[in-house]
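Enquirer: According to our numbering, the sequence shown holds residues 1 to 550 in order.
One structure follows; several queries about it will come next.
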Amino acid sequence: MNKKILGVFVCMILITTAVLPVAGKLNKSKSKDFVENIKIILDEYPLPPPLSVDMVLEESICRRMSVRSFTGESVSDEELSTILWAAYGITENGNRSIFNPDGTYSTIVYVIRSEATYKYVPENHSLSLFKSGNYLHLGQYTSPIKFGLVWDMNAESDELIGMADIGMICQNIYFDVNALDLGTVTTGMYVEDLYELGIPSNEKPEIIMPLGHPSSPYDFTYDPLPESNLPQVVDNALSLAEAINNRLIVNNWDDIPLSLPEESQLMWSSYGYSYLYDNVNNKRHRTLPSGIGIYPFKVFAANHSGVYQYSPSTHSITEIVQGDQREEINNCIDPNDIIITSASWIIIPFLDANLGGSQYQRFWYYENGAIINNVLLETAALNLRANVIYDITDEAGLRSAIGISSQPNLIPLSVIPVGNPFTTPNTPPEIPDIDGPTSGSAGTAYTYTFNSVDSNGDDVYYNITWGDGYVEIWDGPHTSGTDFDIDHTYANQGTYTIEAKAKDTNGAESDWGILEVTMPRNKVAFNSWFLCFLEQFPLLERLFNLLKIY
Ligand code: CA
1 MNKKILGVFV
11 CMILITTAVL
21 PVAGKLNKSK
31 SKDFVENIKI
41 ILDEYPLPPP
51 LSVDMVLEES
61 ICRRMSVRSF
71 TGESVSDEEL
81 STILWAAYGI
91 TENGNRSIFN
101 PDGTYSTIVY
111 VIRSEATYKY
121 VPENHSLSLF
131 KSGNYLHLGQ
141 YTSPIKFGLV
151 WDMNAESDEL
161 IGMADIGMIC
171 QNIYFDVNAL
181 DLGTVTTGMY
191 VEDLYELGIP
201 SNEKPEIIMP
211 LGHPSSPYDF
221 TYDPLPESNL
231 PQVVDNALSL
241 AEAINNRLIV
251 NNWDDIPLSL
261 PEESQLMWSS
271 YGYSYLYDNV
281 NNKRHRTLPS
291 GIGIYPFKVF
301 AANHSGVYQY
311 SPSTHSITEI
321 VQGDQREEIN
331 NCIDPNDIII
341 TSASWIIIPF
351 LDANLGGSQY
361 QRFWYYENGA
371 IINNVLLETA
381 ALNLRANVIY
391 DITDEAGLRS
401 AIGISSQPNL
411 IPLSVIPVGN
421 PFTTPNTPPE
431 IPDIDGPTSG
441 SAGTAYTYTF
451 NSVDSNGDDV
461 YYNITWGDGY
471 VEIWDGPHTS
481 GTDFDIDHTY
491 ANQGTYTIEA
501 KAKDTNGAES
511 DWGILEVTMP
521 RNKVAFNSWF
531 LCFLEQFPLL
541 ERLFNLLKIY
């Protein structure tokens, strides 16, 4: 699934050949009863390649739910590998599976197993031994594996930004866990238990997630939400792993409106309800979990024509402000070099402080991260592009811009611009440089070099007129900016103008480039002339032939 990671795995296989009997024994020694200790503990525990999870992103989002009771059945290394890569692994293009605008990535993922606790090492997709012994009693619930998610304050000084990262990580864990028919839940209670592992003082426990097989198997029924002014949620083609690998962060967009189905999918992913009904718990789950289960966010979106509020329960939007407010929104944030006024659909989740108290602030940032993660993944599934801005400089101004000045209890936590990728307009190639001898002898071949740069990097074709009646019509394609050499011989003496223009693969043409060349009379040309002259006078010709004076 991932060439880079596969390459690493090949290395890991080579490295672990020496300990292969140990590794083999590790797998075999895992019994159905997860409490049995694995006897041999490796300092570096290589993970097998992630499984290819054949479920589209939207269905994974719809199956997201919390499980708190597990059977004794163990979780395979393949399943663990799959979940950890989606949680915090390295993507095909070298990014993280989640997105942090400042690139601080301050989370450490501890993997607690019956034989030992490991740290997940994204760089080589392996587990690194942290502490031997069984620490599965830490945190809530009984399960064969637990993830301890810890904020590293040396990597990111703002705990709330760290919590947003953890919110994203937990979403991806949920999605793969539920898709693999495993179960998990994010718990924020008793996380201080993780100090028992002896974690360093710069690390603070935030979340523990048990992982195992659910005691009650999943039982869902497809049951879409009623018709509204937004189209129903549909499945796209990408799986979670494909959406993670295809997610691209951009700073600029083509300012063309999104379609209503695109707007619908994005709002749903941000904070909506599943199109699956859970027959075990008799409820419809949300696209993300909420701290203390209260869902205190209100999600707004702005486009070229207005500002809209999303209603999750009816999956609909209501117009709040008429007219383009994107410039006003831009004035209330620090966008750096992000041109958010070109974004077609700007999503802004607001925390309702009347509902979500400040004592749970970390969990609201977690929830904000989960919202962002869902939007970024759905953006990739729709072949759109997004970015994230945390730096809101004028909260009151932002409320005013989107028409909610009367609700100071609404606190914006992030701005998520979305749109179609900006495509650079085509520019014609530059006027070709013409290089070669500007004087020489008629009858002798000389090499002339043509070079035109296309700023889009398009291949170029050359149209050359030599000035003596000969032409080269659209010779090519040639790579932009590389020399194209061609020989030419002027048969007759004289001064000629070489002209050349370039055309790119889109048909855009440059102006003409010019080079003047002078070919003085030379022996060959003179001889040609003289032979013609002699033909007119046979006696003279015979005389010259005898004398061989030419
Ligand atoms: Ca071009």
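Cβ coordinates follow ideal geometry from the N, Cα and C atoms, glycine included.
1) Quick one: which unbroken beta strand (DSSP E) runs of 3-plus residues sit fully inside the region 290-324? Chain order, please.
2) Please report the distance separating the alpha-carbon of T107 from that of C332.
3) Given that a residue counts as buried once 16 or more other Cβ atoms are within 10 Å of its Cβ, and exposed if not, what is N281?
4) Examine ligand 1 and report whether any of its heavy atoms sits within less than 8 Å of the Cβ of T633.
5) P520: buried (16+ other C-beta within 10 angstroms of its C-beta) or exposed?
6) Taking only runs of the beta strand (DSSP E) that begin and end inside the region 61-114, which ones reach a length of at least 3 residues, in chain order?
7) On the DSSP bridge assignment, give the partners of I207 in chain order.
8) Three-state secondary structure (DSSP) at E262?
9) What do you reckon, is the C-beta of A445 under 8 Å from a heavy atom of ligand 1?
10) If you count every other CB in all the chains shown that lies within 10 Å of the CB of Y141, and 16 or more means buried, which is it?
11) What do you reckon, is the C-beta of N506 under 8 Å from a heavy atom of ligand 1?
12) Return the Cβ separation of I346 and A301 in integer angstroms, given the expectation that the two are a contact with Cβ distance under 8 Å.
13) Among L47, E367 and P226, which has the Cα closest to the Cα of P296?
14) Suppose you measure from the CA of V418 to the CA of A343; what does that come to, to the nearest Å?
15) Beta-carbon separation of D334 and H304 under 9 Å?
16) Between the beta-carbon of T489 and the beta-carbon of N456, is there less than 9 Å?
17) Keeping to the same chain, check which residues put their C-beta closer than 6 Å to that of V22; ignore five residues upstream and five downstream.
18) Locate the alpha helix (DSSP H) running through I249, then write down its first and last residues.
19) Thinking C-beta only, is P312 closer than 9 Å to A370?
20) Does the Cβ of Q359 have 16 or more other Cβ atoms within 10 Å, making it buried, or fewer, making it exposed?
21) Once DSSP output is grouped into helix, strand and coil, what is the label at A23?
22) Verify whether the separation of the beta carbon atoms of K298 and F350 is less than 9 Å.
23) When the Cα of H315 is compared with those of R286, I372, Q407 and M153, which residue comes out closest?
24) Give a yes or no on contact between the region 101-117 and the region 131-138, applying the rule of three or more CB pairs nearer than 8 Å.
25) Which same chain residues, not among the five before or five after I244, have their C-beta less than 8 Å away from its C-beta?
26) For ligand 1, I want to know if D511 counts as a neighbour, meaning its beta carbon is within less than 8 Å of at least one of the ligand's heavy atoms.
27) What runs of the alpha helix (DSSP H), each 4 residues or longer, lie entirely inside the region 359-420?
28) Give me whichever residues DSSP pairs with P46 in a beta bridge.
29) Consider the C-beta atom of N456 and the heavy atoms of ligand 1; say whether any pair is separated by less than 8 Å.
30) How big is the Cα-Cα spacing for T186 and I294?
31) Kindly indicate which residue of L382, V75 and E328 has the alpha-carbon position closest to the one of I392.
32) To the nearest angstrom, how far is the alpha carbon of M153 from that of I372?
33) Along the chain, where does the beta strand (DSSP E) that runs through V517 open and close?
34) Can you tell me whether R284 is helix, strand or coil according to DSSP?
35) In whole angstroms, give me the CA-to-CA distance for D324 and Y308.
36) Rounded to whole angstroms, what's the CA-CA distance from Q265 to P200? Just pull it up for me.
Expert: According to the data block:
1) Whole beta strand (DSSP E) segments, 3+ residues: 297-303, 306-311 and 316-322.
2) Taking the first residue of the sequence shown as position 1, residue 107 is located at position 107. Taking the first residue of the sequence shown as position 1, residue 332 is located at position 332. Answer to the nearest angstrom: the Cα atoms are 29 Å apart.
3) Taking the sequence shown and counting its residues from 1, one reaches residue 281 at position 281. Counting Cβ neighbours within 10 Å, N281 comes out exposed, since fewer than 16 surround it.
4) Limits of the chain in this structure are 1 at one end and 550 at the other, which puts residue 633 out of reach.
5) Counting from one through the sequence shown, the residue named residue 520 turns up at place 520. P520 is exposed by the Cβ-count criterion.
6) Taking only runs of at least 3 residues, the beta strand (DSSP E) segments lying wholly in the region 61-114 are 107-112.
7) What you label residue 207 is simply residue 207 of the sequence shown in a count that begins at 1. BP columns for I207 point to L149.
8) One-based indexing of the sequence shown puts residue 262 at position 262. Helix, per DSSP.
9) In the sequence shown, residue 445 corresponds to position 445, counting from 1. No, since every heavy atom of ligand 1 falls outside the 8 Å radius drawn around the Cβ of A445.
10) On the sequence shown, position 141 is the one that residue 141 refers to. Taking every protein chain shown into account, the CB of Y141 has 16 or more other CB atoms within 10 angstroms, so this residue is buried.
11) Numbered from 1 along the sequence shown, position 506 holds the residue referred to as residue 506. At least one heavy atom of ligand 1 is nearer than 8 Å to the Cβ of N506, so yes.
12) The residue given as residue 346 occupies position 346 in the sequence shown. The residue given as residue 301 occupies position 301 in the sequence shown. A301 and I346 do touch by the CB rule: their CB atoms are close to 6 Å apart, below 8 Å.
13) On the sequence shown, position 296 is the one that residue 296 refers to. Answer by Cα proximity: E367.
14) The residue you call residue 418 lines up with position 418 of the sequence shown. The residue you call residue 343 lines up with position 343 of the sequence shown. If you draw a straight line from the Cα of V418 to the Cα of A343, it comes to about 5 Å.
15) In the sequence shown, the residue the question calls residue 334 occupies position 334. In the sequence shown, the residue the question calls residue 304 occupies position 304. No; because the gap between Cβ atoms is not below 9 Å, this pair is not in contact.
16) As a working mapping, residue 489 is identified with position 489 in the sequence shown. As a working mapping, residue 456 is identified with position 456 in the sequence shown. Contact flag unset, no.
17) Numbered from 1 along the sequence shown, position 22 holds the residue referred to as residue 22. In this predicted model, V22 has a pLDDT of only 33, less than 50, meaning its place in the structure is not dependable; the value taken from the coordinates is given anyway. Only I40 meet the Cβ criterion.
18) Position 249 of the sequence shown, counted from the first residue, corresponds to residue 249. Annotation: I249 is outside any alpha helix (DSSP H) and is labelled neither H nor E by DSSP.
19) Here residue 370 is taken as the residue at index 370 of the sequence shown, counted from 1. Here residue 312 is taken as the residue at index 312 of the sequence shown, counted from 1. At a Cβ-Cβ threshold of 9 Å, A370 and P312 do not count as neighbours.
20) Against the sequence shown, residue 359 aligns to sequence position 359. With fewer than 16 other beta carbons inside 10 angstroms of its own, Q359 counts as exposed.
21) If you number the sequence shown from 1, residue 23 lands on position 23. With a pLDDT of only 32 at A23, under 50, the local geometry of the prediction cannot be trusted, and the value read off the model is given with reservation. Residue state for A23 is assigned as helix, using DSSP reduced to three classes.
22) For the purposes of this step, residue 298 is identified with residue 298 of the sequence shown, where counting begins at 1. For the purposes of this step, residue 350 is identified with residue 350 of the sequence shown, where counting begins at 1. With a cutoff of 9 Å on beta-carbon distance, K298 and F350 are scored as near each other.
23) Taking the first residue of the sequence shown as position 1, residue 315 is located at position 315. That would be R286, whose Cα lies nearest to the Cα of H315.
24) Contact check between the region 101-117 and the region 131-138: three or more CB pairs, one atom from each, fall below 8 Å, which counts as touching.
25) If you number the sequence shown from 1, residue 244 lands on position 244. Here the set comprises A86, T91, S97, N172, L377 and A380.
26) On the sequence shown, residue 511 is found 511 positions in, with the first residue counted as 1. Outside the cutoff, so no.
27) Whole alpha helix (DSSP H) segments, 4+ residues: 361-381 and 395-401.
28) For the purposes of this step, residue 46 is taken as the residue at position 46 of the sequence shown. Bridge partners of P46: S126.
29) Position 456 of the sequence shown, counting from 1, holds the residue named residue 456. Short note on N456: C-beta closer than 8 Å to some heavy atom of ligand 1.
30) As a working mapping, residue 186 is identified with position 186 in the sequence shown. As a working mapping, residue 294 is identified with position 294 in the sequence shown. So the two alpha carbons sit approximately 15 Å from each other.
31) The residue you call residue 392 lines up with position 392 of the sequence shown. Comparing Cα positions, the closest option is E328.
32) The residue you call residue 153 lines up with position 153 of the sequence shown. The residue you call residue 372 lines up with position 372 of the sequence shown. When rounded, the distance between both Cα atoms is 22 Å.
33) As a working mapping, residue 517 is identified with position 517 in the sequence shown. Element bounds for V517: G513 to M519.
34) Taking the sequence shown and counting its residues from 1, the one referred to as residue 284 is at position 284. Coil, per DSSP.
35) The residue labelled residue 324 in the question sits at position 324 within the sequence shown. The residue labelled residue 308 in the question sits at position 308 within the sequence shown. For D324 and Y308, the distance between alpha carbons rounds to 11 Å.
36) Residue numbering aside, residue 265 sits at position 265 when the sequence shown is read from its first letter. Residue numbering aside, residue 200 sits at position 200 when the sequence shown is read from its first letter. Spanning the two alpha carbons is a distance of roughly 42 Å.
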